[in-house]
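Number of protein chains: 4
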Amino acid sequence: MVIVMKPDAPREVIEKIEKKMQSLGCQVHLSQGENYVLLGLVGDTRKINPSQIEANEYVDKLLKVQQSFKLANRTFHPEDTVIDVEGHTIGGDHVAVIAGPCSVESEEQLMTIARSVKQSGAAFLRGGAFKPRTSPYSFQGLQEEGLKLLQQAKAATGMPIVTEVMCQDTFDVVEQYGDILQIGAHNMQNFALLKRAGKSRKPILLKRGMSATVEELLMSAEYIMAEGNQQVILCERGIRTFETYTRNTLDLSAVLAIKALSHLPVIVDPSHACGKWEMVEPLSKAAVAVGAHGLMIEVHHQPESALSDGAQSLKPHKFQRLMDSIKKMG
Amino acid sequence: MVIVMKPDAPREVIEKIEKKMQSLGCQVHLSQGENYVLLGLVGDTRKINPSQIEANEYVDKLLKVQQSFKLANRTFHPEDTVIDVEGHTIGGDHVAVIAGPCSVESEEQLMTIARSVKQSGAAFLRGGAFKPRTSPYSFQGLQEEGLKLLQQAKAATGMPIVTEVMCQDTFDVVEQYGDILQIGAHNMQNFALLKRAGKSRKPILLKRGMSATVEELLMSAEYIMAEGNQQVILCERGIRTFETYTRNTLDLSAVLAIKALSHLPVIVDPSHACGKWEMVEPLSKAAVAVGAHGLMIEVHHQPESALSDGAQSLKPHKFQRLMDSIKKMG
Amino acid sequence: MVIVMKPDAPREVIEKIEKKMQSLGCQVHLSQGENYVLLGLVGDTRKINPSQIEANEYVDKLLKVQQSFKLANRTFHPEDTVIDVEGHTIGGDHVAVIAGPCSVESEEQLMTIARSVKQSGAAFLRGGAFKPRTSPYSFQGLQEEGLKLLQQAKAATGMPIVTEVMCQDTFDVVEQYGDILQIGAHNMQNFALLKRAGKSRKPILLKRGMSATVEELLMSAEYIMAEGNQQVILCERGIRTFETYTRNTLDLSAVLAIKALSHLPVIVDPSHACGKWEMVEPLSKAAVAVGAHGLMIEVHHQPESALSDGAQSLKPHKFQRLMDSIKKMG
Amino acid sequence: MVIVMKPDAPREVIEKIEKKMQSLGCQVHLSQGENYVLLGLVGDTRKINPSQIEANEYVDKLLKVQQSFKLANRTFHPEDTVIDVEGHTIGGDHVAVIAGPCSVESEEQLMTIARSVKQSGAAFLRGGAFKPRTSPYSFQGLQEEGLKLLQQAKAATGMPIVTEVMCQDTFDVVEQYGDILQIGAHNMQNFALLKRAGKSRKPILLKRGMSATVEELLMSAEYIMAEGNQQVILCERGIRTFETYTRNTLDLSAVLAIKALSHLPVIVDPSHACGKWEMVEPLSKAAVAVGAHGLMIEVHHQPESALSDGAQSLKPHKFQRLMDSIKKMG
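Residue numbers (the working numbering), protein chains in the order written: chain F, -17 to 312; chain H, -17 to 312; chain P, -17 to 312; chain L, -17 to 312.
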């Protein structure tokens, strides 16, 4: 951390800050410039409350040197984390594919799609039972009934289940049925939910918030890890930009940033990012080319009747073509 | 709603969509252009699932005509809503001021600040007991102990309490002590929390998410209202932009937008918006000039020791000056 | 400037950088942390090319301490700049009002509006003769004929003319007729145009780019000033955000940021910011409340026939009401 | 175009608008809803000035149906445009690679890099002679001397030259030496420059502005094409987002959007997008995977001495590796 003092900061204020920082366990190096004074802090800066320093009227600004996340930080954990769910892994050198409908709608719908994506080579089955919707008047999911159908689909296909946890109250029931618990973009900074996820023994799939930075995503992962659950998978799913042609804007450089900053695996959800089925295959190829550890793809056999996200769902034969494309790249 | 069909859409596909829309209770008017066909829908469009229409490969796009919020919509409720808490009102023609520390830290701290802001003319006391923090390693609030101190401050000053509800698990306890329950920016789309707030009898102060549009804010208010709680106060607290000089960017035109679109009262939090105490007074005056129904201001007698948000907290004499400025405008 | 070295930076690389910086005239202070090394640079850092330092694979990042603008910087020029055009001033304690139509359309249109805004108390007349339009098929302005009409309106009313310079080729002719030369938001980083403006003896009204930071705006002012023209007026005119209810989002805290960082006067254009005439008066009051040195307002006596920006133009009697409101605040 | 009237719009106002639209050559279809009236317009809507309609106080909003660009629009020109420069093409099925230094610095520098990228398989040589810099104190390029060096490099290697045109004044000289004339992101809406480019016979490489939408980029292409120059190549080079780890955020879905909306070729500049050399190769592979028609890559043999953009320049052997990776994908 570097404290930049204003040009008119009196010597005694600077000395007071130096002593305060030293008392918190830091070493302080002062550099006297013509128009400012720099205080370079090294040592254990964790006890420093930046807000208290910034509240000093002679402090111009603070410059942060280190990332605030520790457990998620590659610096302190150089090796890649690989998540293993009943022999299916996410992380390392292969591309793990999670596929399935946006929402679980019925037994027939789910079983049809599950069998189809299994045959095309997906490793995990996705499907929403509790749905976070921006309108209270939209379909909110089949809830526990949906979870039971997912369990049935798992029994039939062997694919572990990825499904969303929306809140504390329904966490237990989702945890009981799901194999990987997804925290959605709207909940990336729902700190109570993150803490609850940190107490689970199931891996957590944490999606990046629509306007979140990579560092904020990693701070949210840190919340989970600080409670004891080290099995966190990150997911880039598009960010909000001024572009209106796509639903969101897929940020593939975030995959590279996450891999540089953290040891956690990172996957890509092109379906939500673009919102248009015709873009899903080329964006999936791009995600693989950039080095993502996996893909999460929405598939529906009848998009025009889907209760949610029909416009971005691939029909089964198009998902098959996507899987073929990915394999060719490998 | 208007459906724009692609130039090459076959007649039978168009007719099928027309019939589907009619079966859902809409009237459909077709306009045949050279390069597209428009289907104008009127009547009850609520049963339409836009995603299913967009999933049709011959549909170019949907154009939305009406806002999705109903209960919060001024069209259907032309008169201003005024919230009354034990005789203190928010809404209408006066400016309600909520003031107090970011976090409740101790009895002495809270009582000192509460007495001071009361004397300067604040109507409501703010103070956080459960704190949503981006780092798991930051101070998380005094929790129930903090709520008890707020109760004590209310007893001493007569000011109703505004305090944050962070999650379902701790909602009951916060609801017991608080008079107005605040939902923070990070939780604006925490739908489970919104539903729980909708079941409360306490007024809800709903803050705009950092990258949310005004329509999204009103949709979140709709979630609360759809559960039965019509007492919602909206709060503009700064949005994320590319500007780095301020913590966020205060969007005062949002106050005008909200007042045009909704009957709900809207207040402004300049402290979080700018993050710098020296900007709080002029931005407060601007908020009043633009027609906000209230202000929410962070005050601390010792900002350099504050456990959170010291840099944006006003000292009591500066808060007094702010209140004097506001009165002069009146 | 502070250079943050990576944890694994070899001693000889650090020493080489230290020597390089010293040879460029800086003093270097090294702080050895556990996970990084900080090099604090003081002295004359202008000769340092940040890109060359960042190209070193052992450099983690650079932290900038000082603003890059010098001539526009309040640190080196503490007193407010006041621009004087034939006795009408911008800067200091009063609010200078610039008003008129978006585009000059005809003699009758311009003279009607000019006389009206003059009577309501505007000090300067605005009107576009060369119009930057996003579509090549839109009205591009009356060009030199428009400038001649502006001259005629000035002769009739005594109001100095504010009009836009769009490019190098037409700069001379606009400079001949205009009293204050406006550089539009799209051209804020048209560096060739900024340099040409720097050679003019007329004051320049520089509008903030739609996604520009305050620092970038001041760097563009610096371009003008570095060529010799110190008469620069800055203008906040709304930034692009995710909000769609308004055309852009007026950033009033930018006025405070500019006044803190620079000695140059700063005015506000609420018409372009919101794009809706009904918001112009309240936003103007807010701009005055926050301390803007002036306002720029679009006025048209027949908005429904205006060739551009009809939706945001005030009718004369509404402009009169705005002027009355502002005066009451004074 | 669809006009949405407010609920309280009097019949005579609606009829007046209908007649006005018909007089401009449109057909109007009215749909009467409970809370609004829709006027669907088909036919030739080009003569309509949206601003005049929006200025009507009974108009709620306009909904745009068609894109405003015509010449750049794939609807009216279904086949891909391929640009041919002395036998080297951009467009179609192969990946055209443009490589070279950010700035031309010296004969030795340019010839070294030019020979190297030629040998690695680049088809075009890039190099800046006139440099748009955000600071007036930064290196502004070697100007005409730089152009002569580029000519010399072309003579030695056979690679056509891609170089930037910054302004009207220096357009002629750049046009004389360059084979493809680049318009930079800052100038995407410098309309005077676009018009001048439209009169050139050289192909124009138009970069997307930092906060521009794809539609705005295509409108700028339209400016060039409307003046007669149909040879426009578009370039995605990263947009401004809240992410700070990278310089900008590469938007690869924009490549797909452009290919869907327009017949013009589109290339990707990963170097400027990310600002970090270590990301250039994986992002290049992703750009190829998504279907870009070409790449533009910054290469420097001594990045630590580069006068600009050292941090994002690839050393020659890393550029060779990039070319090898791309070929393998092919």
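C-beta: ideal position from N, C-alpha, C; glycine also.
Through-space distance from residue j to residue i, alpha-carbon basis
i        : j          : result
L:ALA255 : L:ALA242   : 22 Å
H:PHE115 : H:GLN302   : The question names Phe, but residue 115 of chain H is Arg in the sequence shown. If I take the Cα positions, the gap works out to 29 Å.
H:THR43  : H:MET(-13) : It is worth fixing the name first, because residue 43 of chain H is Lys in this sequence and not Thr. The straight-line gap from Cα to Cα measures roughly 7 Å.
P:GLU39  : L:PRO264   : 18 Å
L:SER235 : H:GLU89    : 55 Å
L:ARG97  : L:THR139   : 7 Å
H:GLN4   : P:LEU131   : 57 Å
P:GLY190 : H:ILE221   : The sequence shown places Arg at residue 190 of chain P, not Gly. Answer to the nearest angstrom: the Cα atoms are 18 Å apart.
P:GLU61  : H:TYR227   : 21 Å
L:ALA288 : F:THR231   : 32 Å
F:VAL19  : P:GLN14    : 18 Å
L:ARG178 : L:ILE206   : 8 Å
L:ASP66  : F:MET311   : 30 Å
P:LYS184 : P:GLY210   : 11 Å
H:TYR119 : F:LEU53    : 12 Å
L:VAL99  : H:LYS2     : 59 Å
L:ASN55  : H:MET192   : 36 Å
Three-state secondary structure assigned by DSSP to residue i
i          : result
F:MET141   : coil
L:ALA78    : strand
L:THR349   : Residue 349 of chain L falls outside the range modelled here, since chain L spans only -17 to 312, and no answer is possible.
L:LYS(-12) : coil
H:THR195   : coil
L:GLY180   : helix
P:GLY276   : strand
F:SER244   : strand
L:SER13    : strand
H:LEU187   : strand
L:LEU296   : strand
Bridge-paired residues (DSSP) for residue i
i        : result
L:CYS84  : DSSP lists no partner for L:CYS84.
P:GLU218 : P:VAL250
L:THR71  : L:ASP66
P:THR231 : P:ILE221
P:ASN55  : P:SER244
L:VAL99  : Answer is none; L:VAL99 lacks a bridge partner.
H:CYS8   : H:GLY25
Residue environment, residue i, which counts as buried when at least 16 other CB atoms sit within 10 Å
i          : result
P:PHE58    : exposed
P:SER266   : buried
H:ASP161   : buried
H:ALA137   : exposed
P:GLN150   : buried
H:ARG28    : exposed
L:ASP(-10) : exposed
F:PRO(-8)  : exposed
P:GLN34    : buried
H:ASP291   : buried
L:GLN171   : buried
Note to self: Runs of 3 residues minimum, wholly inside the stretch 104 to 168 of chain F: which ones carry the beta strand (DSSP E) assignment?
What the structure shows: 106 to 108, 143 to 146, 162 to 165
Could you pull out every unbroken alpha helix (DSSP H) segment of at least 4 residues lying fully inside the stretch 21 to 51 of chain F, listed in chain order?
32 to 36
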